[in-house]
Structure formats: structure tokens, C-alpha cells
Amino acid sequence: MFKGGMDNLMGQLQQAQEKLQEQMKKNQQELEHLEIKGESGAGMVAVVMNGRYDVRRVTIDPSLLKEEKEMLEDLIAAAVNDAVRKVEAESQKRMGSLTDGLGLNIPGGFKPF
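Each residue of the sequence shown is one higher than the last, beginning at 1 in the UniProt record's numbering.
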């Protein structure tokens, strides 16, 4: 009787693993195509990045081109950092939702990621 229960549990774990791997692959593909915008200087500098942290576009308000070089460099760095934080947050949100849909009863305090 115990063996049947163990086989059932192992089968459920195998199905959960396959489902998790499939969903992770799907999420990674979606993140690659996702575009997230980071900004600084009240939107005067914007950086668009995908979920793989590839910078797709940088937009700089023309009025900033008259400013000091160091200030523009700081604004670009801040916009990139903003985009990185947003990509990380979106990635964590998507990965966190993976275990919600598995139907597993994970004990409190256990975090698989």
C-alpha cells in the first residue's frame, strides 16, 4: 500500500517538474520579447530593455545635449538602472506565479526560487 502511494507521489512530482520546466521556457521566451522602459530626469532620458537585459533603444531629450557631459552620463546610467530593476521585478513576478499554478501544497516559508 505504501509503494502505491509513493509511486503516485513520484508521478505527481514528475508531472509538476515537467509543467514547471515548460512554463519556465515559455516565460523566458516571453521575457525576451517584452520591452520595459526605464526613465530618469523626469522622462528626459529613456532606455527600453528586453527581459534578457538587452538595451533596445535609448532616447535623450535634445535639450539635454546642451548640458554637461557628466550630467548626461548620470541620467543614462540612472535610466538603465531603472530599466534593470523593472525587468527584475517582472521576471520575479512571472517566476513566482509558476508555483501558484502547479497545484502543489508547498509548506509555508518554503520558497523554491
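Beta carbons: idealized from backbone N, C-alpha and C, even for Gly.
Per-residue DSSP class, three states only, for residue i
i, result
"K86", "helix"
"M10", "helix"
"S97", "helix"
Where the beta strand (DSSP E) through residue i begins and ends
i, result
"G38", "35-40"
"M49", "45-50"
Residue j beta carbon less than 8 Å from that of residue i
i, j, result
"L65", "M44", "no"
"E32", "G51", "yes"
"V47", "A89", "no"
"G41", "L75", "yes"
Rounded C-alpha distance that separates residue i from residue j
i, j, result
"R94", "Q21", "13 Å"
"E35", "Q92", "16 Å"
"K25", "E18", "11 Å"
"R57", "S97", "29 Å"
"P62", "M49", "21 Å"
"L13", "Q23", "15 Å"
"residue 131", "Q28", "The requested residue 131 is not part of the displayed model; the chain covers only 1 to 113."
"E67", "K86", "27 Å"
"E73", "I60", "11 Å"
Assigned exposure category for residue i - 16 Cβ within 10 Å defines buried
i, result
"I54", "At residue 54 the sequence reads Asp, which differs from the Ile that was named. Result: exposed."
"A83", "buried"
"F113", "For F113, the predicted model reports a pLDDT of 46, less than 50, meaning its position is unreliable; a value from the coordinates is still stated below. Exposed."
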